[in-house]
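In my numbering, the protein residues as written are 499 to 682. Here a beta-carbon is modelled for each residue, glycine too, at the ideal position from N, C-alpha and C.
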């Protein structure tokens, strides 16, 4: 009887330990998840960081937020940092851009890239590397604005080195205003 109680007690303790370890794994994010959270949140201004939803690139929610902003970490395989934090209109924009679909903003949209980016062509939305003629620009901290009225873009320059806001990808469905808030 004493042996039977000892085996039963050991089994219960082992079961509790396994369940506790499993629950701990579910409640505690791993190092990779923490790194993605930190990276994604670096795109948002400090005033939004505790209010945004954070998703990975597989659409897994890493942090549920209360605002209409969603932050994404730097895409896997990309060197350096390029996280972004987008509102609803920008999420629609991103979906259209990724799927090479036409896009027309229905509302003004704002996206933050406060950690800067690793570079993009200023004229070709799908260029993947710098060439002699694609106006490659590595932007420091900035925000981006889309507008339903494309005519508003006509009053802004397209030169990314003019020292102020400029239009990126003008003449494409993905044209938007870049607003640098730090150096290149």
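The secondary-structure analysis by DSSP pairs residue 677 across a beta bridge with 641. Straight-line measurement puts the Cα of residue 563 at about 25 Å from the Cα of residue 676.
With 16 or more other Cβ atoms inside 10 Å of its own Cβ, residue 568 counts as buried.
Residue pairing by DSSP places residue 608 opposite 643 in a beta bridge. Leaving aside the five residues that flank residue 657 on each side, the residues in its chain whose CB is nearer than 8 Å to its CB run, in chain order, 664.
Straight through space, the alpha carbons of residue 653 and residue 605 are spaced by roughly 19 Å. Straight across, the Cα-Cα distance linking residue 532 with residue 555 is about 15 Å.
Contiguous beta strand (DSSP E) elements confined to the segment 540-564 occur at 551-553, 559-561, taking only those with 3 or more residues. Per DSSP, residue 649 is not a residue of any beta strand (DSSP E), being assigned neither H nor E.
About 11 Å separates the CB atoms of residue 595 and residue 644; that is not less than 8 Å, and the two are not in contact. Residue 614 sits buried, since 16 or more C-beta atoms from the chains shown fall within 10 Å of its C-beta. Residue pairing by DSSP places residue 666 opposite 674 in a beta bridge. The three-state secondary structure of residue 653, taken from DSSP, is helix.
By the 16-neighbour rule on beta-carbons within 10 angstroms, residue 538 is buried.
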